[in-house]
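A.B. asks: Please see the structure below; I have some questions.
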Amino acid sequence: MDVDENDTRYTVTVESKLELETCVKFLAGGVSFRQAVGLFRGMVAGIAGLDQTNRDVTEKRVKNLCRVACAVNLQKLKDFLASGEVWAFAVVLECCKTAGSPFLDVRVQFENKGEIHSIHLVGVVIQDVDAAEESGELVVQYLDVVIRSWKMKLIGVSSANEGGRKVRACTQEIINRLAAECGAPIFGDCRLEIKLNQLMGEACMTVFTAQFMNTLVALVSHLRRHRAHIPDAPKCPKLIEGSWNSAVKSLQWLVANQTFVIECIEKHEYIGVPGPEWWVIALLVTNVACRVNNILRQVRAGKGLSHDRQHIVDLMNHLSMMTGAVGPFLASEYLSISCEDIVIGSFAINPVATATFLKSQGTFASGAVDSLSAEAYQALVDAASTFVLTVLTKLNQIISECKDQGKEDEEYADLSHVPPFLPNALCNTRHQDLVKVMKHHRVRLENIFSSEGMEKVEAQHRALRNAYLLEKRVREEIDMQSDTSSFSEVWQDGIGAGLDYRVLRSFCGALAAVASTPLRCSADAEFTMVNWCKVPFSQSLTDFSLEAILHALDFRFLPSLQHC
1 MDVDENDTRY
11 TVTVESKLEL
21 ETCVKFLAGG
31 VSFRQAVGLF
41 RGMVAGIAGL
51 DQTNRDVTEK
61 RVKNLCRVAC
71 AVNLQKLKDF
81 LASGEVWAFA
91 VVLECCKTAG
101 SPFLDVRVQF
111 ENKGEIHSIH
121 LVGVVIQDVD
131 AAEESGELVV
141 QYLDVVIRSW
151 KMKLIGVSSA
161 NEGGRKVRAC
171 TQEIINRLAA
181 ECGAPIFGDC
191 RLEIKLNQLM
201 GEACMTVFTA
211 QFMNTLVALV
221 SHLRRHRAHI
231 PDAPKCPKLI
241 EGSWNSAVKS
251 LQWLVANQTF
261 VIECIEKHEY
271 IGVPGPEWWV
281 IALLVTNVAC
291 RVNNILRQVR
301 AGKGLSHDRQ
311 HIVDLMNHLS
321 MMTGAVGPFL
331 ASEYLSISCE
341 DIVIGSFAIN
351 PVATATFLKS
361 QGTFASGAVD
371 SLSAEAYQAL
381 VDAASTFVLT
391 VLTKLNQIIS
401 ECKDQGKEDE
411 EYADLSHVPP
421 FLPNALCNTR
431 HQDLVKVMKH
441 HRVRLENIFS
451 SEGMEKVEAQ
461 HRALRNAYLL
471 EKRVREEIDM
481 QSDTSSFSEV
491 WQDGIGAGLD
501 YRVLRSFCGA
511 LAAVASTPLR
521 CSADAEFTMV
531 NWCKVPFSQS
541 LTDFSLEAIL
551 HALDFRFLPS
561 LQHC
């Protein structure tokens, strides 16, 4: 290893690039260092001229190669963010509960050439709540080394917050610490968004049993495995194990393509066909999730707490009326509840009302409910009732907590809502509102954009808005864009009468990086499997074996970034 005169960079010579890339690829598959040694030796065994290489590969050598891969990744990330290609980036906190122990994946997310990239920075091992403060300090130390100017370039923090008390404490401490360190205001998840995400996570866990998830995993894996023979199969979302959000997205795709999926199952003689009750639960979850996601979009519009609270009240009332649930009850009203009703919190629902609601999901659902045996029917009604009542009870709790304005503002006082960044939203955004956002982040913009560049952002927004208002074809094209489409899909070249919107896209890319959902899957992985287990009794916030796996997932992707 050679170090330069200023001790700021070093050069590492790797004897075999093939050996490095092969070992890293094995680690990316979720294997341990020892397993990687066995796989490599098995691969080169018997090949003439590689006997010495086979003997040289040891567990220590694999660890050293992984250290090189980690250093290369962090150096490439550092060089790219310092190159002037990115005017701002976001930090994404993702709680991962995969094949081993839970951890918090801290990622740097940014836009480049119309694509949102999410790069691993550090994995924080979930420890006791008392260690939350050290988690914030750890992330700050990493950012200080990898991104020297991060306090001026960090534009927001995003967190799905899918975890228990320890995860929430760690996440909140990191968000608060980053917000306090930044030299300008940042965007991020407001507390209300986090509560709604947590609501759906807890509700989904009531119906996402082991049997239900095994069926989902097997079905998605089957469809993706046969994607070469099934034209629509590549559109099926990847399933991230342990994430309810990913499971819901997969269910939404399956429900939307139900006829096609059933025909595909019959054609390929698939074993383990989902039963009718499985499809009914899928219809129920996607129906409710769609309504909650609509409220989340309203919350992200940033019209104020009272406005957001009214949306949640409307959702609770609508779900109660739609499902036949009754509540919330006062303490004196519990005596009026029938002994047949299912009660959770301050809401109750009659099994007959639940069955009626399930049948209203469509012709398929109606026939499926009627075809069930008495035992399967009762299990379905109980599961659906529990799911609906959990959602309603949590919504009622959120409404009550939203009344405490002081508490709501205190926890995330330095975070604000992400402004519009998609073409369909920008076309309905007044020009003065966009200028207001730009002024809000002028300090960050001036580091990359010249005065002429900032004027181009404004000019391209005016051009896009005018094309939308004056040309019917452009308006129809933009209105057809789905809220679930990726940033690259909605900002593809040729939108808005084929004009050049690259500068506007670059400006909006940083905003999208805050709001976009991270995907840790490698390009060719069916599922994300991080087979890492925490060392017993260890109090360390980091773990090298975990870092090796997570950096290995990014190793092949990073060279594709320009200027790296």
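The UniProt record's numbering puts the sequence shown at residues 1 to 564. Backbone N, C-alpha and C define an ideal beta-carbon position, used for all residues, glycine too. Computed from a prediction, not measured in an experiment: that's the story for all the values here.
Can you find the residues in the same chain that come closer than 7 Å, C-beta to C-beta, to leucine 372, ignoring five residues on each side of it along the sequence?
C.D. replies: Pro276, Glu277 and Leu380
A.B. asks: Are valine 106 and valine 122 closer than 8 Å when you measure CB to CB?
C.D. replies: Between valine 106 and valine 122, the C-beta gap is smaller than 8 Å, which places the two residues in contact.
A.B. asks: Per the DSSP calculation, histidine 120 is bridged to which residue(s)?
C.D. replies: Arg107
A.B. asks: Can you tell which of Ala210, Lys76 and Lys113 has the C-alpha that lies nearest to the C-alpha of tryptophan 491?
C.D. replies: Lys113
A.B. asks: The alpha helix (DSSP H) with serine 545 in it runs from where to where?
C.D. replies: Counting along the chain, the alpha helix (DSSP H) containing serine 545 begins and ends at 544 to 555.
A.B. asks: Starting from isoleucine 265 and walking both ways along the alpha helix (DSSP H), at which residues does that stretch end?
C.D. replies: 258 to 267
A.B. asks: What runs of the alpha helix (DSSP H), each 4 residues or longer, lie entirely inside the stretch 359 to 386?
C.D. replies: 363 to 371
A.B. asks: Once the 5 residues before and after leucine 65 are set aside, which same chain residues still bring their CB inside 8 Å of it?
C.D. replies: Val14, Glu19, Leu20, Cys23 and Val24
A.B. asks: Given threonine 286, which residues of its chain have a CB within under 6 Å of its CB, disregarding the five upstream and five downstream residues?
C.D. replies: Leu251, Gln252 and Val255
A.B. asks: On the three-state DSSP scale, how would you describe serine 243?
C.D. replies: coil
A.B. asks: Output the boundary residues of the beta strand (DSSP E) element that contains valine 157.
C.D. replies: Residues 154 to 159.
A.B. asks: Could you please give the first and the last residue of the uninterrupted beta strand (DSSP E) stretch that includes cysteine 96?
C.D. replies: 89 to 96
A.B. asks: How long is the line joining the alpha carbons of glutamate 266 and methionine 205, rounded to whole angstroms?
C.D. replies: 30 Å
A.B. asks: Just list the beta strand (DSSP E) runs in the stretch 438 to 480, keeping only unbroken ones of 3 residues or longer that don't cross its boundaries, in chain order.
C.D. replies: none
A.B. asks: Spell out a yes or no on whether the stretch 384 to 393 and the stretch 343 to 362 are touching, meaning 3 or more CB-CB pairs, one atom from each, closer than 8 Å.
C.D. replies: Under the 8 Å Cβ criterion, the stretch 384 to 393 counts as touching the stretch 343 to 362, having at least three qualifying pairs.
A.B. asks: Just to confirm my understanding: we take alanine 365, look at its own chain, exclude 5 residues before and 5 after, and list those with CB closer than 7 Å. What are they?
C.D. replies: Val280, Leu283, Leu358 and Lys359
A.B. asks: What does the Cβ neighbour count give for valine 3, buried or exposed, with the cut at 16 atoms within 10 Å?
C.D. replies: In this prediction, valine 3 has a pLDDT of 44, which is less than 50 and means its spatial position is unreliable; what the coordinates show is noted afterwards. Result: exposed.
A.B. asks: If you check the beta carbons only, do valine 157 and leucine 138 fall under 8 Å apart?
C.D. replies: no
A.B. asks: If contacts are defined as beta-carbon pairs under 8 Å, then alanine 88 and lysine 153 qualify, I think. What distance do you get, rounded to the angstrom?
C.D. replies: 5 Å
A.B. asks: Here's the rule: buried if 16 or more other CB atoms are within 10 angstroms of the residue's CB, otherwise exposed. What is glutamine 460?
C.D. replies: buried
A.B. asks: Am I right that leucine 196 and isoleucine 126 are in contact with their C-beta atoms under 8 Å? What's the rounded C-beta distance?
C.D. replies: That belief does not hold up - the Cβ atoms of leucine 196 and isoleucine 126 are roughly 23 Å apart, past 8 Å.
A.B. asks: By the 10 Å Cβ neighbour count, where 16 or more other Cβ atoms means buried, how is lysine 407 classified, buried or exposed?
C.D. replies: For lysine 407, the pLDDT reaches just 46, beneath the cut-off of 50, and the residue's location in the model is therefore unreliable, leaving the point undetermined.
A.B. asks: Please state if the CB of serine 135 and the CB of cysteine 95 are separated by a distance shorter than 8 Å.
C.D. replies: no
A.B. asks: State buried or exposed for aspartate 543, treating a residue as buried only when at least 16 other CB atoms are found within 10 Å of its CB.
C.D. replies: It counts as buried.
A.B. asks: Is glutamate 202 helix, strand or coil by DSSP?
C.D. replies: helix
A.B. asks: Counting only the same chain and skipping the five closest in sequence on each side, list residues whose C-beta sits under 8 Å from that of methionine 438.
C.D. replies: Leu445, Met454, Val457, Glu458 and Phe507
A.B. asks: Rank Ser346, Asn350 and Pro328 by C-alpha distance to the C-alpha of phenylalanine 338 and give the top, closest one.
C.D. replies: It should be pointed out that residue 338 corresponds to serine in this sequence rather than to phenylalanine. Measuring from the Cα of serine 338, the nearest candidate turns out to be Asn350.
A.B. asks: Hey, leucine 93 and isoleucine 174 are a contact pair by Cβ (cut 8 Å); roughly how many whole angstroms apart?
C.D. replies: 6 Å
A.B. asks: Are there 16 or more other CB atoms within 10 angstroms of the CB of isoleucine 549, so buried, or fewer, so exposed?
C.D. replies: buried
A.B. asks: Alpha carbon to alpha carbon, how far is asparagine 317 from serine 243?
C.D. replies: Whole-angstrom Cα-Cα distance: 28 Å.
A.B. asks: Just confirm the distance between the C-beta atoms of leucine 392 and phenylalanine 347, as a whole number of angstroms; I'd bet it's less than 8 Å.
C.D. replies: 5 Å
A.B. asks: Taking DSSP as the reference, what is the three-state secondary structure of phenylalanine 208?
C.D. replies: coil
A.B. asks: Determine the direct distance from the alpha carbon of tyrosine 468 to that of arginine 505, and round the result to whole angstroms.
C.D. replies: 16 Å
A.B. asks: Going by beta carbon distance, what residues of the same chain come within less than 7 Å of cysteine 182, once the five residues before and after it are set aside?
C.D. replies: The answer, listed in chain order, is Lys151 and Leu154.
A.B. asks: Would you tell me roughly how many angstroms separate the C-alpha atoms of threonine 434 and isoleucine 186, rounded to the nearest one?
C.D. replies: Per the sequence shown, the amino acid found at residue 434 is leucine instead of threonine. Computed Cα separation, rounded: 16 Å.
A.B. asks: On the three-state DSSP scale, how would you describe phenylalanine 347?
C.D. replies: In the three-state reduction of the DSSP assignment, phenylalanine 347 falls in the strand class, which pools E and B.
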